[in-house]
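In my numbering, the protein residues as written are 43 to 568. Think of the CB as a built atom: it goes at the ideal place given N, C-alpha and C, for glycine as much as any other residue. Accompanying notes for the structure given below.
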Amino acid sequence: MRVQFWGTRGSIAKPGPTTARYGGNTSCIEVRSSQGTLVVIDCGTGGHSLAQQLISGGAKHLRGNILISHTHWDHIQGIPFFAPLFVRGNEWDIYGPKGVCESFREALAGQMQYTYFPVTLDQCEAEIRYHDLVEGAFEIEDIKVSARYLNHPAVTLGYRLQVDDAILVYACDHEPYARMLAVGDGEITGQDLQHAEFIEGADLLIHDAQYTAEEYPEKVGWGHSPVEYVVKLAQYARVKRVALTHHDPLRDDDAIERMIATVRQCASPVDIFAAFEGQVVEVAPCAQRVARRCEELQAETPLEPARAPRAVLLGVAGTTVSEALQAENICSRSFVGIDEALTAIAKDRPLLAIVEHNPPHIDGFDLGRAIRRQASDEHQLILIMVAGQEDQDAGAAAGVSDWLIKPFTAAYARAKIRTWLLRAACKSTKSIIPAKKERRSAPLGVLHNATNIESDRVKGSDRIKKQRVLQKGVDKRATVLSSDKSALLWMYGREIASFDTPTFSKKLGDIIARATSMPQTSSRSR
Ligand SMILES: [Zn+2]
Ligand SMILES: [Zn+2]
């Protein structure tokens, strides 16, 4: 696998004599498999030079893929200047995180509205397919990809790519979940442990390292990692090489070199370096690979997150969470005492319960345990604890699903809320789509999940040719739309069923049954 860095700067482009060595362009990485599959990861301002190089060869019918981590400017500003998207005959697949209110394509198109740019996304002449992703697994030709949510004030995906017996992980922009870890102390537990599992055994990890542990206390909630956290995580997860990236716009070349010299003293056995613009890294295969044992959904699972009234039960002092919910147009019901909370759980079956742990005034764990007892298993309630610091053991005993650590901004809480809603919708969709149906609704060629991601290596080119032939004969769009409709109907039915008459519920039940049992266009045309 060949990797080339086209943009390594974080947040904003910073060209000039003091950043000439490591580069001033924002995130963009080119990945090529030995079979020639092209994947561009993020398309910040560095994407312009990559695009120029791609068209300079005069290649006709250029085919490529773009994986976008999130739609903050520094990761998408190269898209309007990415020339191969404007050439008729070229073919591109663009992947990015699914939104709650809008599709990934709509989010991308936003930066190309008339007010900001004279050409719209619709005017791209290449054939472009947009893919809305949630956490899970999918394939791009010979490359197996896993996507996982990161910790950032926007819904952001990290990507793990496996091809040619080598593993590349891209995790940018990401902030440690535990504050202690961010400043270099404490154990790797909870969600940081899950992040470590995501990067485990990478031959090359490209990770956000915008700050140092010393700078971090001033940057809490900005969504970026101190370099010390990255080193600790990489050592724990047996990563071979780490490329630090998303360099702070205020860190000049000399400062980056001082930083890397310092961290190298304690990074052993990990080979760590600061990525620079133009750098090429050959990622060598690893002969002794330990298989990951985790189950993942299909990352293109069609779903519609529920945004019904009383989707959230709220027991938190302060206004930040309420502001975040309001900004997301999500209704919430606040409670005062524990009895009121338990009544609401039984009556409204909220999707999320956000409660506070603030000893000695409020024992959030007591409240959490009571809420868990009240909520039935099939309710699949997500319980969020707002606290000054994490207590993993007490949280696990109280059934806490995730934490919001104070202080946090409304932007940060919004990203968390979106992630929880998307995860809840994934879980519901997974549990209601029968296994057979699920297989049919997944786009062809991306049927594998991560259970067999490391073990079912089919000899590449034959399988890819077969997939292309199959894809030609299938109306992929119709398949996805149809299952989107079923999932939407189901979510709709679940949310309003308790408010309507039995006759209406029966009618809705019939519609859902029809929508989910209809023969698929794809199976007929096969
Ligand atoms: Zn960024
Ligand atoms: Zn960002």
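Query raised in the report: In angstroms, rounded to a whole number, what distance separates the CA positions of residue 371 and residue 458?
Result: About 15 angstroms.
Query raised in the report: Near ligand 1, which residues have their beta-carbon less than 6 angstroms from any of its heavy atoms, given in chain order?
Result: Residues with a Cβ closer than 6 angstroms to any heavy atom of ligand 1, in chain order: 52, 53, 114, 116, 117, 215, 288.
Query raised in the report: Got a sec, what are the start and stop residues for the alpha helix (DSSP H) residue 152 sits in?
Result: 146-152 is the span of the alpha helix (DSSP H), which, as asked, contains residue 152.
Query - Residues near residue 416 in its chain [Cβ-Cβ closer than 7 angstroms; skip 5 each side] - result: When the five nearest sequence neighbours on each side are left out, the beta carbons in the same chain lying within less than 7 angstroms of the beta carbon of residue 416 are those of 384, 387, 388, in order along the chain.
**Report entry** Validate contact between the region 187-195 and the region 150-163 using beta carbons, cut 8 angstroms, 3 pairs
**Finding:** The answer is no - the region 150-163 does not touch the region 187-195, with fewer than three Cβ pairs under 8 angstroms.
Query raised in the report: Using the beta-carbon count (16 or more within 10 Å), is residue 48 buried or exposed?
Result: Buried, by the Cβ-count rule.
Requested in this report: For the beta strand (DSSP E) holding residue 173, just list the boundary residues, first then last.
Outcome: That run of the beta strand (DSSP E) goes 169-175.
**Report entry** DSSP beta-bridge partners of residue 143
**Finding:** DSSP output for residue 143 lists no bridge partner at all.
Report task. Less than 8 angstroms between the CB atoms is what I'm expecting for residue 61 and residue 294, so what's the real figure, rounded? Result -> Approximately 6 angstroms separates the beta-carbon atoms of residue 61 and residue 294; this is inside 8 angstroms, confirming the contact.
Query raised in the report: residue 189: beta carbon under 7 angstroms from a heavy atom of ligand 2?
Result: Because no heavy atom of ligand 2 lies under 7 angstroms away, the Cβ of residue 189 does not count as near it: no.
Query - Terminal residues of the alpha helix (DSSP H) in which residue 249 lies - result: That residue, residue 249, is in no alpha helix (DSSP H); its beta strand (DSSP E) goes 246-250.
**Report entry** Buried or exposed (CB count within 10 angstroms, at least 16 for buried), residue 99
**Finding:** By the neighbour-count rule (16 or more Cβ atoms within 10 Å), residue 99 is not buried but exposed.
**Report entry** the region 85-101 touching the region 202-222, judged by at least three CB pairs closer than 8 angstroms
**Finding:** Contact fails: fewer than three Cβ-Cβ distances are below 8 angstroms.
Report task. With hydrogens ignored, establish whether the beta-carbon of residue 138 is closer than 7 angstroms to any heavy atom of ligand 2. Result -> For residue 138, the CB stays at least 7 angstroms from every heavy atom of ligand 2.
**Report entry** Coil, strand or helix - residue 281 by DSSP
**Finding:** Coil, per DSSP.
**Report entry** CB-CB length for residue 201 against residue 212, believed under 8 angstroms
**Finding:** Between residue 212 and residue 201 the Cβ distance is about 5 angstroms, and since that is below 8 angstroms, they are a contact.
Query raised in the report: Hey, would you say residue 129 sits closer than 8 angstroms to residue 109, going by beta carbons?
Result: A distance of 8 angstroms or more separates the beta carbons of residue 129 and residue 109.
**Report entry** CB contact flag (residue 354, residue 396, <8 angstroms)
**Finding:** Closer than 8 angstroms, so yes.
**Report entry** residue 405, DSSP secondary structure in three states
**Finding:** Residue state, collapsed to three classes: coil.
Query raised in the report: Can residue 112 be considered in contact with ligand 2, in the sense that its beta carbon sits closer than 7 angstroms to one or more heavy atoms?
Result: The answer is yes for residue 112.
Report task. Identify the continuous beta strand (DSSP E) that holds residue 324 and give its terminal residues. Result -> It spans 322-324 - the beta strand (DSSP E) in which residue 324 sits, taken as one unbroken run.
**Report entry** For residue 303, the three-state DSSP class (helix, strand or coil)
**Finding:** It is helical.
Requested in this report: Taking only the alpha-carbon atoms, compute the straight-line gap between residue 107 and residue 364 and give it to the nearest angstrom.
Outcome: Each residue's Cα considered, the two are about 39 angstroms apart.
**Report entry** Complete beta strand (DSSP E) runs within the region 379-463 (minimum length 3 residues, chain order)
**Finding:** Here the runs fully enclosed are 394-398, 424-429, 444-447.
Requested in this report: Could you name the residues of the same chain whose beta carbon sits closer than 8 angstroms to that of residue 162, not counting the 5 residues immediately before and after it, in chain order?
Outcome: Once the five neighbours on either side are set aside, the close Cβ partners of residue 162 are 151, 154, 155, 156.
Query raised in the report: Do the region 245-256 and the region 279-296 make contact, defined as three or more Cβ pairs closer than 8 angstroms?
Result: Touching, per the Cβ criterion.
**Report entry** Rounded separation between residue 291 and residue 51 - CA only
**Finding:** One C-alpha to the other measures close to 7 angstroms.
Query raised in the report: Over what stretch of residues does the alpha helix (DSSP H) that includes residue 95 continue unbroken?
Result: Run containing residue 95: 89-98, per the alpha helix (DSSP H) assignment.
Query raised in the report: The beta strand (DSSP E) with residue 80 in it runs from where to where?
Result: Its beta strand (DSSP E) spans residues 80-85.
Query raised in the report: Got a sec, what are the start and stop residues for the beta strand (DSSP E) residue 181 sits in?
Result: Run containing residue 181: 178-182, per the beta strand (DSSP E) assignment.
Query raised in the report: Any chance the CB of residue 249 is under 7 angstroms from a heavy atom of ligand 2?
Result: Remark: the C-beta of residue 249 is outside contact range of ligand 2, defined as less than 7 angstroms to any heavy atom.
Query raised in the report: So residue 155 is in the alpha helix (DSSP H); what residue range does that whole segment cover?
Result: Boundaries cannot be given for residue 155, as no alpha helix (DSSP H) includes it and DSSP labels it neither H nor E.
Query raised in the report: Roughly how many whole angstroms lie between the Cα atoms of residue 306 and residue 263?
Result: A direct Cα-Cα distance of roughly 26 angstroms separates residue 306 from residue 263.
Query raised in the report: residue 208 lies in the beta strand (DSSP E); which residues open and close that run?
Result: Its beta strand (DSSP E) spans residues 208-213.
**Report entry** Pick from 261, 442, 413, 418 that is closest to residue 429, judged by C-alpha positions
**Finding:** When only C-alpha atoms are compared, the closest one is 442.
Query raised in the report: Given a threshold of 16 other Cβ atoms within 10 Å of its Cβ, counted over all protein chains shown, does residue 176 qualify as buried or as exposed?
Result: That one is buried.
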